[in-house]
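See structure below.
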Amino acid sequence: MEMVIKIMQGYIIFVIIVMLLYTVRHFFFTIVRLLGRQRLYYNDIVTSRMKHISVLIPMHNEEKVLDTVLTALLECDYDADRLEIIPINDNSTDKTREMLDEYHRKYEFIRPLHRNCADRGKPVGLNDAMRMARGEIIIVFDADYRPARSMLKQIALAFEDPQVGAVMGRVIPYNTNKNMLTRLINLERSGGYQVDQQARYNLRAIPQYGGTVGGFRRDFLLSTGGFNPKVLAEDTELTYRLITNGWKVVYANSAECYEESPESWNVRGRQIRRWARGHNEVLFRYLIPTITSPHLNLFQKIDGLFLLFIYAVPVLLLFGWGVSLALFFLGRMDIFGGWWVLLFLGVYNAFGNFAPFFEIGAALIIDGLPGEALLLPLMMFNFFFYMWNISLGFFDAVVDIVTGRGVKWDKTIRFAVKEGAAK
Amino acid sequence: MAEKKVIYYARTYRAIRASRTKCFLYICILILPMLLLLWLHLDDLTRWICEAAQYAFREFCLDIPASIQTKNFSLLGKVSYLSVSTVYPEFRMCLLNGAVSLAVMIIIGNLPWKGRPMAIYLILNAGIQLISSLWFLFAGELFPYTLTQYSELYMVQEVGIWIVFLVMTGAVTGIVGDRGFPDKLLTVLCVMVYAIVFGTVRYIVFLYLLYRCSVLYMTLLYFTLGPMFDFVYLVMIYAFFINRMIRLYESHAGKGAWRWS
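In order, the protein sequence lines correspond to chains R and B.
Residues in the first sequence are numbered from 1 upward in steps of one, following the working numbering.
Residues in the second sequence are numbered from 1001 upward in steps of one, following the working numbering.
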């Protein structure tokens, strides 16, 4: 029994150390972003011949939002003869098909891909679309996103650097004022992009390609087998595939794109669970390649590992909570005394990117957004919500790996009402 | 939606122009002496809290016999806490609590908003109370804490909170540039005063509840209304601080504060 207690106590100390390491990492990121010299993106590059790009937009029953994303893309300042837009109509049963065909009649460079087959899902849809794409650079948007005018140009510019394999832009929710959930997601996004991603870019660590609002090289992906349809987080998988093969992933903080945040907790819960499942699958697949990759230096390996484990931390915390409860009943909590409080360092951060409250505060200062900061204390309740849903996603991933079962794509429900969409 | 047509490059790459040395010195000069002061007066502070609790029990006719005890801890030095006699729950009370906890879990678990944060939080609390009730139903005699031991555990935990919060508040306010010193100082003081006052009030309430309603509720109070709730006021006060700093940096007073990379 004494041995079991020692193991449990050791586990709690381990979790506290993990929490401290992550907190120190993000404290360092905050200092780098807030006080350091910023590493600029490729904004200054001028080229008379932009790269040929293909914009891919996976869609499944997107009649509510497709007008908005296509209108925004049509307003982008990118040469029309260097651009093609491929909306991937994946087994839609609403008016998506008819609406896309109508766009195709008006604009030749909008070339919808209609998929009516059993193997639906974002990765397989992207694979099919990449095969028909003509552009050397693939830029992906979700159907509920609204790119800013210069977005495409900015994303494409980075690929003038032959070492760049993928680029990630900044995501900003546009329905922030809808309810408390969307406001809190806005805080998480601020901390995650304005501070976390930019700091990692500054430090030449591992900025993460997020699956949308970003681009990558078509040839690289096709030559390495395309997206793996068994992996839900195809974005994280691509990030690690690129960096372990010697490519750079860069972050474009000025390439802003507006997204629709989930407006209901159920939708958010399913989304987070799916992300956690996908991210942890990538953890299991890329843990060893990240450690052994000859293309990464020690600092990048450490950052890559921190990033890989991000969706495993809430699970560690959940177990830590359970173990501390057991130790309490065994009368052995006293050894931790006051230091037990450190276990709660994880309470005030946005899981998924592990943006602690001070990182979000720094983002709000940089963005100059007064008022929003006052919502920070409410993040405590998100903690339980995320801990629960991410843990479920983690166990999904474990079962996926053990049983080799396939994954089923679950689309995030849209809430948008059309406003000023193209007719 | 008013879509943004212009991208403000400058904002996306701006950073605060501040002397890192000054920021570091702020943390060292302000926090280290305060930490030392706190450490040197832990005995006085914890004794004062015990006396405040005794006063409250006496003044509000709470009729709780409590005496002050002092223990020497290796790193912290002397820490005082109240010694209070333990009241164990009756079988019927445990049964009732267990049933109510289970009912809460089932009812909330079947409500349409079961996936919401508050529902998950309540289910978690009910789960802890259910475990506690079952423990006292089947192994009550093995419960490892007296109320005095809990009181000691609480006080040591409070000391931990004060130290961690002082360091944390100093660090997170220290990196927000080298301006707004009064705001930073006020934030650190507010967090510390709040921590001590809140810790004292909670100590009195917890001891009262555990003495009146038995130690059946000890686990729930320790886990769900313990350190986690201390972070609420830390982040709340920090949020006010950030709000003030945003206004400062966006106002005339923030002139020249930004480095537009």
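Every residue gets a Cβ at the ideal spot worked out from N, C-alpha and C, and that includes glycine.
Bridge-paired residues (DSSP) for residue i
i: Lys-1078 (chain B); result: B:Asn-1072
i: Glu-84 (chain R); result: R:Ser-54
i: Asp-90 (chain R); result: R:Arg-115
i: Phe-216 (chain R); result: R:Ile-138, R:Ala-166
i: Arg-1017 (chain B); result: In the DSSP output, where bridge partners are listed per residue, Arg-1017 (chain B) has none listed.
i: Tyr-258 (chain R); result: R:Arg-146, R:Ile-172
i: Ser-1067 (chain B); result: B:Ser-1083
i: Val-250 (chain R); result: R:Val-167
Spatial distance of residue i from residue j (CA atoms)
i: Tyr-145 (chain R); j: Met-99 (chain R); result: 17 Å
i: Leu-1134 (chain B); j: Leu-1147 (chain B); result: 19 Å
i: Tyr-78 (chain R); j: Thr-68 (chain R); result: 18 Å
i: Met-1001 (chain B); j: Ala-1018 (chain B); result: Confidence is the limiting factor: at Met-1001 (chain B) the pLDDT is only 48, short of 50, which leaves the residue's position unreliable and the question unanswerable from this model.
i: Val-55 (chain R); j: Phe-216 (chain R); result: 11 Å
i: Asp-94 (chain R); j: Leu-66 (chain R); result: 12 Å
i: Leu-1234 (chain B); j: Phe-1165 (chain B); result: 8 Å
i: Arg-39 (chain R); j: Asp-81 (chain R); result: 32 Å
i: Ser-254 (chain R); j: Ala-199 (chain R); result: 14 Å
i: Met-132 (chain R); j: Leu-187 (chain R); result: 38 Å
i: Phe-507 (chain R); j: Ser-391 (chain R); result: The structure shown has nothing for residue 507 (chain R), since chain R only spans 1 to 423.
i: Asn-266 (chain R); j: Leu-181 (chain R); result: 11 Å
i: Arg-1127 (chain B); j: Val-1104 (chain B); result: With the sequence shown as reference, residue 1127 (chain B) is identified as Gly, and Arg is not the correct amino acid for it. The straight-line gap from Cα to Cα measures roughly 9 Å.
i: Tyr-978 (chain B); j: Ile-1196 (chain B); result: Because chain B in this structure spans residues 1001 to 1261, residue 978 (chain B) falls outside the shown range and cannot be described.
i: Val-402 (chain R); j: Leu-287 (chain R); result: 16 Å
i: Arg-270 (chain R); j: Ser-223 (chain R); result: 33 Å
i: Thr-1169 (chain B); j: Val-1188 (chain B); result: 6 Å
i: Leu-1142 (chain B); j: Trp-1113 (chain B); result: 38 Å
i: Glu-84 (chain R); j: Pro-207 (chain R); result: 27 Å
i: Val-313 (chain R); j: Tyr-11 (chain R); result: 13 Å
i: Phe-141 (chain R); j: Met-380 (chain R); result: 31 Å
i: Ile-31 (chain R); j: Ile-1175 (chain B); result: 6 Å
i: Asp-190 (chain R); j: Gly-371 (chain R); result: Before going on, a small fix: residue 190 (chain R) reads as Ser here, not Asp. Distance between the alpha carbons of Ser-190 (chain R) and Gly-371 (chain R): 14 Å.
Contact with chain B by residue i, beta-carbon distance below 9 Å
i: Arg-405 (chain R); result: no
i: Gln-9 (chain R); result: no
i: Phe-394 (chain R); result: no
i: Phe-329 (chain R); result: yes
i: Leu-35 (chain R); result: yes
i: Trp-321 (chain R); result: yes
i: Ser-261 (chain R); result: no
i: Ser-190 (chain R); result: no
Proximity test, Cβ basis, 9 Å: residue i and chain R
i: Trp-1135 (chain B); result: yes
i: Glu-1059 (chain B); result: no
i: Gly-1077 (chain B); result: no
i: Ile-1175 (chain B); result: yes
i: Met-1118 (chain B); result: yes
i: Leu-1189 (chain B); result: no
i: Phe-1143 (chain B); result: yes
i: Val-1100 (chain B); result: no
i: Leu-1124 (chain B); result: yes
i: Tyr-1222 (chain B); result: yes
i: Val-1215 (chain B); result: no
i: Met-1034 (chain B); result: no
Span of the alpha helix (DSSP H), counted from its first residue to its last, around residue i
i: Cys-1023 (chain B); result: 1020 to 1026
i: Arg-115 (chain R); result: Counting along the chain, Arg-115 (chain R) falls outside any alpha helix (DSSP H), though it belongs to the beta strand (DSSP E) covering 113 to 115.
i: Leu-317 (chain R); result: 313 to 329
i: Phe-1231 (chain B); result: 1227 to 1250
i: Asp-79 (chain R); result: Unbroken run through Asp-79 (chain R): none, as it is neither H nor E.
i: Glu-1152 (chain B); result: 1147 to 1174
i: His-104 (chain R); result: 96 to 106
i: Phe-14 (chain R); result: 2 to 35
i: Met-1034 (chain B); result: 1032 to 1040
i: Cys-1213 (chain B); result: 1181 to 1213
i: Tyr-1217 (chain B); result: That residue, Tyr-1217 (chain B), is in no alpha helix (DSSP H); it is neither H nor E in DSSP.
i: Phe-395 (chain R); result: 379 to 403
Where residue i meets chain B, residues with beta-carbon distance less than 7 Å
i: Pro-370 (chain R); result: Asn-1243, Ile-1246, Arg-1247
i: Phe-385 (chain R); result: Pro-1117, Ile-1120
i: Trp-388 (chain R); result: Ile-1120
i: Asn-186 (chain R); result: Within 7 Å Cβ-Cβ: nothing; Asn-186 (chain R) doesn't reach chain B, min ~14 Å.
Residue range of the beta strand (DSSP E) that includes residue i
i: Asn-1110 (chain B); result: No beta strand (DSSP E) contains Asn-1110 (chain B), which DSSP labels as neither H nor E.
Contacts of residue i in chain R (Cβ-Cβ under 7 Å)
i: Glu-1250 (chain B); result: Gly-368
i: Ala-1239 (chain B); result: Ala-373, Leu-374, Leu-376, Pro-377
i: Val-1197 (chain B); result: Ordered by position in chain R, no residue passes the 7 Å Cβ test against Val-1197 (chain B), which lies about 17 Å from the chain.
Cross-chain neighbours of residue i in chain R, by beta carbon under 8 Å
i: Val-1232 (chain B); result: Pro-377, Met-380
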